[in-house]
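Yeah, the sequence shown ends on 262 if you go by my numbering, and it's all consecutive.
Built from N, CA and C at the ideal position, the CB exists for glycine as well.
As the structure is a prediction and not an experimental result, all values here were calculated from the model.
Written out below as structure tokens is the structure these notes cover.
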Amino acid sequence: MATYAGMIDSMDQNIGRILQTLEELDIIHNILIMFLSDNGGCAEEPGGRDMSQVPGLPETYTAVGPSWGWAQNTPFHRYKARMYEGGIATPFIAHWPDVIKANTMTNQVGHIIDLLPTFLDIVDKSYPKTRNRISILPVEGLSLLPIFQGKQRAGHQTLYWHFSNNRAVRQAKWKLVWDKSFKQWELYDLIADRTASHNLAASYPDRVKQMQMLYQTWAILTDVEAPIPTRSK
């Protein structure tokens, strides 16, 4: 964990050097800088490392284990690969002095799929419908530019997650989660309970059923639960 903290400190200092240079060049006011972390703290076990090697060097690889992996996401539940907030919620910092008011925060929900639509919106371009006469699926994200401008945007109707048979659906304040360790749907009100600590599935069975059906429709549409094909011999 000390190695991890040292890397964060080094990253912070060097990001500061970049920002200082942009300020000295007097161009920082019209540059959009976005910083966001990977999803969730890594909970891989530290075992297998050569204990004679100092961790952190380019040729080394180590991990902090589930306890520190969970602690990195405080106050959220669980860690990477799980669909609880500790596995998918990340810090997101946007800096653009000409557009974004300093020292402001928003509780509007964003997703990484919103980045491409944001860039297209900023440069006033549309996403192509075809490429070499082949139809292209439309982007599913929504531009973050209205949020950067201090406006209220029309948010996502529904967001879905799936990884390693862990699943989640979000609709407005409601989030439905399936963890493969527990094998049951859990329901959380993320406005009243941002850390998702109180499972409300038993109190709202109809909502659980409705959101579960939405997930199943999406899973079929995207083929996320289809078996991985094997190569024929």
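**Prompt:** Is the distance from the Cβ of F192 to the Cβ of A110 below 7 angstroms?
**Reply:** Reading the sequence shown from its first residue, position 163 is the one you call residue 192. Reading the sequence shown from its first residue, position 81 is the one you call residue 110. Taking 7 angstroms as the Cβ cut-off, F192 and A110 qualify as a contacting pair.
**Request:** Could you name the residues of the same chain whose beta carbon sits closer than 6 angstroms to that of S66, not counting the 5 residues immediately before and after it, in chain order?
**Result:** Mapped onto the sequence shown, residue 66 falls at position 37. Result list for S66: T119 and P120, in chain order.
**Request:** Have a look at A72 and S96 and give me their C-alpha separation to the nearest angstrom.
**Result:** For this step, residue 72 is matched to residue 43 along the sequence shown. For this step, residue 96 is matched to residue 67 along the sequence shown. Between A72 and S96, the C-alpha separation is close to 7 angstroms.
**Request:** With a 10 Å radius around its C-beta and 16 neighbouring C-beta atoms as the bar for buried, classify K204 as buried or exposed.
**Result:** Against the sequence shown, residue 204 aligns to sequence position 175. In this structure K204 is buried. Its beta-carbon is surrounded by 16 or more other beta-carbon atoms within 10 angstroms.
**Request:** Compute the distance between the beta-carbons of T147 and L174, then report whether it is under 7 angstroms.
**Result:** Mapped onto the sequence shown, residue 147 falls at position 118. Mapped onto the sequence shown, residue 174 falls at position 145. Cβ distance < 7 angstroms, so T147 and L174 count as in contact.
**Message:** What does the alpha-carbon distance come out to for the pair L48 and I249?
**Reply:** The sequence position of residue 48 within the sequence shown is 19, counting from 1. The sequence position of residue 249 within the sequence shown is 220, counting from 1. Put simply, the backbone Cα of L48 is about 45 angstroms away from that of I249.
**Item:** Pairwise C-alpha distance: L219 and Y156
**Value:** Counted from its first residue, the sequence shown places residue 156 at position 127. Counted from its first residue, the sequence shown places residue 219 at position 190. Those two C-alpha atoms are separated by around 32 angstroms.
**Asked** What does a CB cutoff of less than 7 angstroms around C190 pick up in its chain, not counting 5 residues either side in sequence?
**Response** Counting from one through the sequence shown, the residue named residue 190 turns up at place 161. Note on residue identity: the sequence assigns Trp, not Cys, to residue 190. Here W190 has M112, I117, R196 and A197 as same chain residues with Cβ atoms under 7 angstroms from its own Cβ, once five neighbours each way along the sequence are excluded.
**Cβ-Cβ distance between A123 and M63 below 7 angstroms** = For this step, residue 123 is matched to residue 94 along the sequence shown. For this step, residue 63 is matched to residue 34 along the sequence shown. In this structure, A123 sits near M63, with a CB-CB distance shorter than 7 angstroms.
**Prompt:** Alpha carbon to alpha carbon, how far is E74 from A92?
**Reply:** Within the sequence shown, residue 74 is the residue found at index 45, counting from 1. Within the sequence shown, residue 92 is the residue found at index 63, counting from 1. Their Cα atoms are separated by approximately 6 angstroms.
**Message:** Give me the DSSP bridge partner(s) of H124.
**Reply:** Walking along the sequence shown from the start, residue 124 turns up at place 95. Answer is I62, bridged to H124.
**Request:** Measure from the alpha carbon of R236 to the alpha carbon of each residue in D222, S226 and K202, then state which is nearest.
**Result:** Against the sequence shown, residue 236 aligns to sequence position 207. Put simply, of D222, S226 and K202 the residue whose alpha carbon is nearest the alpha carbon of R236 is K202.
**Asked** In the structure shown, what three-state DSSP assignment does L250 receive?
**Response** The residue you call residue 250 lines up with position 221 of the sequence shown. Helix, per DSSP.
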